[in-house]
Amino acid sequence: MIDIDGVALAYGGCRILEDVSLRVRAGELLALVGPNGIGKSTLLRAIAGAQPLDGGRIRFEGREIAGFAPRERSRTIALIEAEGPAPEGLLVEDVVAAGRLPHRPWWRWSSTPADRHAVERAIVRTALAPLRGRPFAELSSGERQRVWIALAVAQNARAFLLDEPTSHLDIKHTFETLTLARRLAHEDGAAVVVVLHDLNVAAAFADRIALLGERTLLACDTPATVFDESVLARVYGIPIAVRHEPGGLVLAFAVPPQRSAAV
Amino acid sequence: MISPRRSYRPELVALAAALFVACAALIGAISIGAVAFPFGAVLGQVVHPDLSTQAGRILWEIRIPRVAIAALVGASLGLAGMLLQTMLRNPLVDPYLTGTSAGAACAIAIGIAAGIATAALPLLAFVAALATALLVAALARTGSGISHERLILAGISLSALFAGIVTLVILLSPRASTSLSILAWLGGSLAGRGWSDARVAAIYAAIGAAIALALAPMLNGLRFGEARARALGVDVDRVQWGVVGAASLLTAAAVSVSGIVGFVGLIVPHVTRRFVGTDARLTLVTSMVLGAVLVVIADTVARSIDPPLELPLGVLLSMFGVPIFIYLSFRRRAA
Numbered sequence: 008m009i010d011i012d013g014v015a016l017a018y019g020g021c022r023i024l025e026d027v028s029l030r031v032r033a034g035e036l037l038a039l040v041g042p043n044g045i046g047k048s049t050l051l052r053a054i055a056g057a058q059p060l061d062g063g064r065i066r067f068e069g070r071e072i073a074g075f076a077p078r079e080r081s082r083t084i085a086l087i088e089a090e091g092p093a094p095e096g097l098l099v100e101d102v103v104a105a106g107r108l109p110h111r112p113w114w115r116w117s118s119t120p121a122d123r124h125a126v127e128r129a130i131v132r133t134a135l136a137p138l139r140g141r142p143f144a145e146l147s148s149g150e151r152q153r154v155w156i157a158l159a160v161a162q163n164a165r166a167f168l169l170d171e172p173t174s175h176l177d178i179k180h181t182f183e184t185l186t187l188a189r190r191l192a193h194e195d196g197a198a199v200v201v202v203l204h205d206l207n208v209a210a211a212f213a214d215r216i217a218l219l220g221e222r223t224l225l226a227c228d229t230p231a232t233v234f235d236e237s238v239l240a241r242v243y244g245i246p247i248a249v250r251h252e253p254g255g256l257v258l259a260f261a262v263p264p265q266r267s268a269a270v
Numbered sequence: 399m400i401s402p403r404r405s406y407r408p409e410l411v412a413l414a415a416a417l418f419v420a421c422a423a424l425i426g427a428i429s430i431g432a433v434a435f436p437f438g439a440v441l442g443q444v445v446h447p448d449l450s451t452q453a454g455r456i457l458w459e460i461r462i463p464r465v466a467i468a469a470l471v472g473a474s475l476g477l478a479g480m481l482l483q484t485m486l487r488n489p490l491v492d493p494y495l496t497g498t499s500a501g502a503a504c505a506i507a508i509g510i511a512a513g514i515a516t517a518a519l520p521l522l523a524f525v526a527a528l529a530t531a532l533l534v535a536a537l538a539r540t541g542s543g544i545s546h547e548r549l550i551l552a553g554i555s556l557s558a559l560f561a562g563i564v565t566l567v568i569l570l571s572p573r574a575s576t577s578l579s580i581l582a583w584l585g586g587s588l589a590g591r592g593w594s595d596a597r598v599a600a601i602y603a604a605i606g607a608a609i610a611l612a613l614a615p616m617l618n619g620l621r622f623g624e625a626r627a628r629a630l631g632v633d634v635d636r637v638q639w640g641v642v643g644a645a646s647l648l649t650a651a652a653v654s655v656s657g658i659v660g661f662v663g664l665i666v667p668h669v670t671r672r673f674v675g676t677d678a679r680l681t682l683v684t685s686m687v688l689g690a691v692l693v694v695i696a697d698t699v700a701r702s703i704d705p706p707l708e709l710p711l712g713v714l715l716s717m718f719g720v721p722i723f724i725y726l727s728f729r730r731r732a733a
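Listed in order, the protein sequences are those of chains A and B. With the first sequence counted from 1, adding 7 to any position gets you my numbering. With the second sequence counted from 1, adding 398 to any position gets you my numbering.
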């Protein structure tokens with residue numbers, strides 16, 4: 008669905024990624040992992056058309072993303088940024104309804120039946136019905152994340168790009184957020200790309216892993232193939248043990264025993 | 399905004415209330431003055447203008463144009479302040495504090511001294527307001543966007559500079575009559591203003607308001623921050639140019655008829671948000687209505703305290719505006 012072809016990216020005038028090529032398929036959840044500052048978010052924003060390319064091209068179903076008009080792009084690809092101000096004085100359903108903005112010509116001020124239908128569907132899809140009348144500002148980070156995803160669903164997008172959606176979440180909300188992301192891929196047939204830091208979470212939820220290392224993409228395949236002890240040790244610079252267990256893949260620090268431990 | 403479960407919209411009730419207050423303020427302002435008219439006489443003249451009577455001439459040639467200009471000035475400044483505050487997500491900006499009013503005023507003072515035709519003054523004011531806004535934005539820009547502190551600092555510094563230039567123009571002007579007419583206009587007084595003053599300014603204000611209202615849905619997207627707005631397909635650069643252009647047109651319209659009237663653009667958006675929330679479709683319209691109400695009432699007070707003496711409108715509004723500004727800035731720091 009999304010073809011990334013020999014892409015180079017710059018940040019603050021500096022080349023940070025080169026020759027990145029990968030394909031995101033419809034109906035899969037692809038996790039983008041790699042060390043801090045390597046360019047994961049920049050690559051994600053580039054896929055959304057929010058970051059100019061320094062080389063190469065990115066196409067959505069054969070059409071170059073740079074050629075999409077802003078509103079048309081937002082109807083196709085939903086980017087869910089990690090940071091942003093919490094809107095004041097808005098209810099949950101008002102925030103979700105903002106997802107209809109790219110569907111509305113500038114001269115139409117109010118929502119149509121199609122808008123209302125899309126918002127209802129998004130609220131049901133993300134199980135937000137009990138929260139819909141609550142002020143957004145009162146929600147926990149896990150609930151807010153769910154609202155941002157609902158907003159993206161209301162956009163009627165066919166690709167969802169989530170930038171570190173679980174970074175402030177506990178294990179339960181991480182599970183819920185990524186289960187939702189996975190259902191968007193597996194049940195609705197969307198292409199879902201998620202930037203993640205926790206490799207165990209990535210291994211548990213992703214269909215495929217794209218591992219970014221110094222300046223380029225190192226691997227893009229199933230978790231069992233990408234998470235190789237020698238590759239991870241090279242990328243992260245610390246020893247990481249990979250165990251293949253019946254429930255799935257488990258990655259652990261190989262923490263050296265402490266000499267001054269309590270006796 | 400969808401709300402299948404909300405049976406009524408409190409924001410719309412607030413807007414309706416504001417409109418009602420505005421009508422009452424307009425009629426009241428037309429009735430009150432050196433010659434007072436009963437409510438029925440005002441209504442009769444509005445429905446059937448009769449310029450053969452003295453009452454008709456006073457109403458149609460003095461009172462009504464003056465109230466209309468007050469409403470125009472108030473609506474323009476209220477909307478300009480609302481636009482700037484919404485776009486910058488900073489409750490402490492308005493045409494006055496960003497220096498755009500002073501820039502426009504400076505251009506008009508020079509224009510009057512140079513003997514430029516009155517009809518061309520709003521254009522001059524618009525160009526100067528736009529140039530000032532861009533200069534202030536350039537000064538306030540840091541690597542990571544527009545700094546709130548630098549914006550206010552740049553606006554106030556430029557205001558001081560422009561005020562200095564205006565004083566210089568007044569002092570150096572060879573003819574006393576020129577100096578007097580600059581001074582009379584600058585104080586923010588509506589004394590002696592008639593239809594001819596309002597006509598050109600009204601066109602500028604109308605274009606500014608039309609641009610502003612066209613931007614309302616996109617300004618709603620900006621409530622979620624620039625990055626999220628872009629993800630929703632909002633062309634942020636176009637919105638910013640639109641807001642700066644519209645605010646400059648509105649400021650030019652207000653300044654060219656009434657000089658510098660401060661703090662309307664600051665206070666009105668605050669009151670508006672308290673009444674109708676943050677939906678730009680409502681806040682833009684409501685800020686126009688409440689701005690008009692505020693200036694119409696202030697102008698009525700200014701000319702009724704001790705007639706025939708008139709207090710300059712700008713002076714009266716500053717008396718109330720400065721304490722409110724101080725209160726708001728301290729509350730913000732405490733929060």
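Every residue gets a Cβ at the ideal spot worked out from N, C-alpha and C, and that includes glycine. Values in this document were obtained by computation on a predicted structure and should not be read as measured data.
Residues bridged to residue i by DSSP?
i              : result
residue 168(A) : 86(A) and 200(A)
residue 10(A)  : 30(A) and 66(A)
residue 40(A)  : 218(A)
residue 180(A) : DSSP output for residue 180(A) lists no bridge partner at all.
residue 257(A) : 250(A)
residue 190(A) : Paired residue(s): none; residue 190(A) is not in a bridge.
residue 15(A)  : 62(A)
residue 543(B) : 540(B)
residue 707(B) : 704(B)
residue 21(A)  : 18(A)
residue 223(A) : 220(A)
residue 98(A)  : 142(A)
Quick check: residue i and residue j, are their CB atoms within less than 9 angstroms of each other?
i              : j              : result
residue 505(B) : residue 526(B) : yes
residue 652(B) : residue 519(B) : no
residue 98(A)  : residue 128(A) : no
residue 423(B) : residue 673(B) : no
residue 36(A)  : residue 217(A) : no
residue 157(A) : residue 196(A) : no
residue 23(A)  : residue 66(A)  : no
residue 91(A)  : residue 626(B) : yes
residue 642(B) : residue 552(B) : no
residue 33(A)  : residue 213(A) : no
Near residue i, which residues of its chain fall below 8 angstroms by C-beta distance, leaving aside the five closest residues on each side in sequence?
i              : result
residue 714(B) : 696, 699 and 700
residue 399(B) : Reliability fails at residue 399(B), whose pLDDT of 44 lies under 50, so the model's placement of it is uncertain and the value that follows must be treated cautiously. So the qualifying residues of the chain are 677.
residue 175(A) : 148
residue 300(A) : Any question about residue 300(A) goes unanswered here, given that chain A covers just 8 to 270.
Take residue i and list the residues in its own chain whose beta-carbon comes closer than 7 angstroms to its own, dropping the five residues that flank it on each side.
i              : result
residue 644(B) : 481, 606, 609 and 610
residue 503(B) : 560, 564, 584, 653, 657 and 658
residue 689(B) : 472, 473, 475, 476, 477, 662 and 666
residue 21(A)  : none
residue 55(A)  : 84, 86 and 168
residue 81(A)  : 109 and 162
residue 405(B) : In this prediction, residue 405(B) has a pLDDT of 44, which is less than 50 and means its spatial position is unreliable; what the coordinates show is noted afterwards. Result list for residue 405(B): empty, nothing under 7 angstroms.
residue 708(B) : 587, 589, 700 and 701
Along chain A, which residues have their Cβ under 9 angstroms away from the Cβ of residue i?
i              : result
residue 487(B) : 92
residue 520(B) : Simply none; closest approach about 27 angstroms.
residue 672(B) : Within 9 angstroms Cβ-Cβ: nothing; residue 672(B) doesn't reach chain A, min ~10 angstroms.
Once the 5 residues before and after residue i are set aside, which same chain residues still bring their CB inside 6 angstroms of it?
i              : result
residue 26(A)  : 13 and 223
residue 207(A) : 258
residue 87(A)  : 155, 159 and 169
residue 62(A)  : 15
residue 251(A) : none
residue 180(A) : 149
residue 220(A) : 242
residue 487(B) : none
Chain A partners of residue i, CB-CB under 7 angstroms?
i              : result
residue 630(B) : 81, 105, 108 and 109
residue 626(B) : 88 and 91
residue 615(B) : 108, 111, 113 and 116
How many whole angstroms separate the CB atoms of residue i and residue j, which I take to be in contact at a CB cut-off of 8 angstroms?
i              : j              : result
residue 160(A) : residue 133(A) : 6 angstroms
residue 468(B) : residue 620(B) : The Cβ separation is near 31 angstroms, so there is no contact.
residue 556(B) : residue 479(B) : Not really, about 17 angstroms apart at Cβ, beyond 8 angstroms.
residue 57(A)  : residue 628(B) : 6 angstroms
residue 60(A)  : residue 47(A)  : About 16 angstroms separates the two Cβ atoms, so there is no contact after all.
The ligand SAM heavy atoms versus the CB of residue i: any closer than 8 angstroms?
i              : result
residue 120(A) : As presented, the structure is devoid of all ligands, the ligand SAM included, so that no description of it is given.
Identify the contact partners of residue i in chain B, using a Cβ-Cβ distance below 7 angstroms as the criterion.
i             : result
residue 95(A) : 676
For residue i, which residues in chain B fall below 8 angstroms Cβ to Cβ?
i             : result
residue 55(A) : 629
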